[in-house]
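Working notes for the structure below.
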Amino acid sequence: MRILYSHRIRSRDGQGVHLDAMVAALRAAGHVVQVTGPAGYDKAELGGESAGLARLRRLLPAGAQALAEIAYAVPATWRLYRAAAAFKPDVIYERANLYHVAGRIVARARGVPLLLEVNAPLAEERARFGGLGLPRLSAWIERFAWRGAQRVLPVTEVLAGRVADAGVPPGRITVVPNGIDLADFPEPAPRQSRDTLVLGFVGFVRDWHGLDKALHGIAAWRGDRPLSLMVVGDGPARPGLERLAAELGIADRVRFTGLAARDAVPALVAGFDIALQPAAVPYASPLKVFEYMAAACAIVAPDQPNLREVLQDGETALLFDPAEPGGFWAAVSRLAQDAALRQRLGEAARAQILSRDLTWAGNARRVVAIAEAERAALRPHDAAGEITRGSLA
Numbered sequence: 071m072r073i074l075y076s077h078r079i080r081s082r083d084g085q086g087v088h089l090d091a092m093v094a095a096l097r098a099a100g101h102v103v104q105v106t107g108p109a110g111y112d113k114a115e116l117g118g119e120s121a122g123l124a125r126l127r128r129l130l131p132a133g134a135q136a137l138a139e140i141a142y143a144v145p146a147t148w149r150l151y152r153a154a155a156a157f158k159p160d161v162i163y164e165r166a167n168l169y170h171v172a173g174r175i176v177a178r179a180r181g182v183p184l185l186l187e188v189n190a191p192l193a194e195e196r197a198r199f200g201g202l203g204l205p206r207l208s209a210w211i212e213r214f215a216w217r218g219a220q221r222v223l224p225v226t227e228v229l230a231g232r233v234a235d236a237g238v239p240p241g242r243i244t245v246v247p248n249g250i251d252l253a254d255f256p257e258p259a260p261r262q263s264r265d266t267l268v269l270g271f272v273g274f275v276r277d278w279h280g281l282d283k284a285l286h287g288i289a290a291w292r293g294d295r296p297l298s299l300m301v302v303g304d305g306p307a308r309p310g311l312e313r314l315a316a317e318l319g320i321a322d323r324v325r326f327t328g329l330a331a332r333d334a335v336p337a338l339v340a341g342f343d344i345a346l347q348p349a350a351v352p353y354a355s356p357l358k359v360f361e362y363m364a365a366a367c368a369i370v371a372p373d374q375p376n377l378r379e380v381l382q383d384g385e386t387a388l389l390f391d392p393a394e395p396g397g398f399w400a401a402v403s404r405l406a407q408d409a410a411l412r413q414r415l416g417e418a419a420r421a422q423i424l425s426r427d428l429t430w431a432g433n434a435r436r437v438v439a440i441a442e443a444e445r446a447a448l449r450p451h452d453a454a455g456e457i458t459r460g461s462l463a
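So that you can map any letter, position 234 of the sequence shown is 304 in the working numbering, and since no number is skipped, the others follow by simple counting.
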């Protein structure tokens, strides 16, 4: 299958991990994939942001920023149209982004199906966390893009509900969560007994993640074995956490690796005794959770619907009530004192990755099956009517 992958990403972060992993998995399965997006993406460094975009956000008021981003849809659509005309794809696969309507327009013009991957309700998210100009227009454009796809692929059932509420028929929605590459996470070796238990976190560190609770817990810990914290990543919350660790007298037990290359992450996660997901937005499919599971880590995470789609309390993780002030540390403490429970949860979590095929290769197979169904639905005479729209929903 010839797949034209459309995106509007300018930074190398979790978005880029998802994009690169899906493209690699599709190509490994024998499909021809052409990627079309901002030129700056290929040159971006890990964790970096486009200098031009950062300058735009710094200098322009929110409303003007929104207008500039909307205007960018014109060259983005023209770029995708030219790519489609030259490449002649069987399907366009697009990663949804705010104001990115190129896939809807070009797919209709070329008469090919559009599969739209949705990772977040971005108009809502940016209004809440980053400031958003023209919120009503922005939300309308997002709904316009969602409704124009032959199939919308949200990463969680919770997000699927948001997409349906926006007017997309349920039969055109199929959940495809994040995944991992099993080659990066081979069968883990037994964890070595150490004097210190390692709590670990992977990702871009923000205040709302609540890692300060881990620092306070480590400082107050009086268990048989001391605890330490390893943070694989960087972010705006790091300076404050480093200051807090020094104030609590535990700076020597807190390590920030800084930004780590993707191929270095599995080995770092393998060194965790307890993997932390202290907080999560209510609709996300956190990539770190799948990495923790694949590495057979004992996981502590909030008890909320999107995480219960992949984690089961007491079976593959310990889930805590995020509304209970001491819930997070109570779960960590329980695991810190029970090696057998850590092992059982970790092994069950990895087994779930394997049994449900929560891998990028599995996602590629699912996406191709959906693409074939939608292609047949648009061209029923070519496929003798063997597959109908919605058969994989």
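Don't be surprised by glycine CBs; every beta carbon is placed ideally from N, CA and C.
Among the options, nearest to residue i - alpha-carbon criterion
{"i": "Gly280", "options": "Ala368, Arg449, Thr226, Pro392", "result": "Pro392"}
{"i": "Pro336", "options": "Ala368, Leu415, Val302, Ala215", "result": "Val302"}
{"i": "Leu329", "options": "Gly319, Leu318, Glu312, Gly305", "result": "Gly305"}
{"i": "Arg276", "options": "Phe199, Asp333, Asp322", "result": "Phe199"}
{"i": "Asp333", "options": "Ile79, Asp90, Arg80, Ser81", "result": "Asp90"}
{"i": "Ala109", "options": "Leu130, Ser81, Val238, Arg206", "result": "Ser81"}
{"i": "Ala316", "options": "Arg295, Ala331, Ala289, Leu297", "result": "Ala289"}
{"i": "Val380", "options": "Leu311, Glu227, Pro309, Leu192", "result": "Glu227"}
{"i": "Glu257", "options": "Ala387, Ala366, Leu318", "result": "Ala366"}
Length of the line joining the Cα atoms of residue i and residue j
{"i": "Ser208", "j": "Ala132", "result": "12 angstroms"}
{"i": "Gln382", "j": "Leu389", "result": "8 angstroms"}
{"i": "Arg34", "j": "Gly341", "result": "There is simply no residue 34 to check, as the chain begins at 71 and stops at 463 in what is shown."}
{"i": "Gly86", "j": "Ala95", "result": "14 angstroms"}
{"i": "Arg213", "j": "Arg165", "result": "14 angstroms"}
{"i": "Leu465", "j": "Arg436", "result": "Beyond the ends of the chain as shown, which are 71 and 463, falls residue 465; an answer cannot be given."}
{"i": "Tyr353", "j": "Ala190", "result": "7 angstroms"}
{"i": "Val103", "j": "Val171", "result": "20 angstroms"}
{"i": "His286", "j": "Arg264", "result": "22 angstroms"}
{"i": "Val161", "j": "Leu448", "result": "11 angstroms"}
{"i": "Ala410", "j": "Ala401", "result": "15 angstroms"}
{"i": "Pro313", "j": "Thr327", "result": "The question names Pro, but residue 313 is Arg in the sequence shown. Distance between the alpha carbons of Arg313 and Thr327: 16 angstroms."}
{"i": "Ala179", "j": "Arg206", "result": "27 angstroms"}
{"i": "Val144", "j": "Ala138", "result": "11 angstroms"}
{"i": "Asp254", "j": "Ala364", "result": "9 angstroms"}
{"i": "Pro159", "j": "Pro372", "result": "42 angstroms"}
{"i": "Ala230", "j": "Arg295", "result": "43 angstroms"}
{"i": "Arg323", "j": "Ser298", "result": "5 angstroms"}
{"i": "Ile211", "j": "Asp235", "result": "15 angstroms"}
{"i": "Glu394", "j": "Arg404", "result": "16 angstroms"}
{"i": "Leu130", "j": "Gly396", "result": "42 angstroms"}
{"i": "Ala321", "j": "Gly310", "result": "12 angstroms"}
{"i": "Pro183", "j": "Val351", "result": "30 angstroms"}
Cβ neighbours of residue i in the same chain (closer than 7 angstroms, five flanking residues each side left out)
{"i": "Arg196", "result": "Leu168, Leu202"}
{"i": "Lys283", "result": "Pro348, Phe398, Trp399"}
{"i": "Val272", "result": "Val302, Gly303, Val335, Val339, Lys358, Glu361"}
{"i": "Gly278", "result": "The sequence shown places Trp at residue 278, not Gly. Ala349."}
{"i": "Gln407", "result": "Gly293"}
{"i": "Met92", "result": "Trp430, Asn433, Ala434"}
{"i": "Val233", "result": "Val188, Trp216, Val222, Pro224, Ile243"}
{"i": "Ser425", "result": "none"}
{"i": "Leu204", "result": "Gly133, Ala136"}
{"i": "Ala467", "result": "Past the boundaries of the shown model lies residue 467; the chain is included only from 71 to 463, so the question cannot be answered."}
Cβ neighbour criterion (16 or more within 10 Å) applied to residue i
{"i": "Ala259", "result": "exposed"}
{"i": "Gln422", "result": "buried"}
{"i": "Ala177", "result": "buried"}
{"i": "Gln374", "result": "buried"}
{"i": "Ala98", "result": "exposed"}
{"i": "Gln135", "result": "buried"}
{"i": "Gly270", "result": "buried"}
{"i": "Leu377", "result": "buried"}
{"i": "Asp427", "result": "exposed"}
{"i": "Ala331", "result": "exposed"}
{"i": "Gly249", "result": "buried"}
Nonlocal neighbours in the same chain, by C-beta distance under 6 angstroms from residue i, ignoring five residues either side
{"i": "Pro247", "result": "Val225, Ser355"}
{"i": "Leu252", "result": "Thr429"}
{"i": "Tyr362", "result": "Ala345, Ile369"}
{"i": "Tyr163", "result": "Ile73, Tyr75, Leu185"}
{"i": "His88", "result": "none"}
{"i": "Ile457", "result": "Low confidence applies here, because Ile457 scores a pLDDT of 37, under 50, leaving its location unreliable and the question unanswered by this model."}
{"i": "Ala453", "result": "With a pLDDT of only 44 at Ala453, under 50, the local geometry of the prediction cannot be trusted, and the value read off the model is given with reservation. Cβ neighbours of Ala453 beyond the five flanking positions: Ala446."}
{"i": "Glu385", "result": "Ala418"}
Chain C within 9 angstroms of residue i, Cβ atoms only
{"i": "Asp383", "result": "Within the model displayed, chain C is absent; a lone protein chain is all it includes."}
8 angstroms CB neighbourhood of residue i in its chain, flanking five on each side removed
{"i": "Thr106", "result": "Leu74, Tyr75, Ser76, His77, Arg149, Leu150, Ala153"}
{"i": "Phe274", "result": "Asp83, Gly84, Gly117, Gly303, Asp304, Gly305"}
{"i": "Phe157", "result": "Arg72, Leu74, Gln104"}
{"i": "Ile79", "result": "Gln85, Gly86, Leu89, Gly107, Pro108, Tyr111, Arg165, Asn167"}
{"i": "Ala307", "result": "Val275, Arg276, Asp277, His279, Leu281"}
Residue i CB to nearest heavy atom of the ligand MG below 8 angstroms
{"i": "Asp373", "result": "For the structure depicted, the ligand MG is absent and the ligand set is empty, with no information on it obtainable."}
With a cut-off of 8 angstroms, do at least 3 Cβ pairs link the stretch 135-153 to the stretch 413-428? Between the stretch 135-153 and the stretch 413-428 there are fewer than three inter-stretch CB-CB distances shorter than 8 angstroms, so the stretches are not counted as touching.
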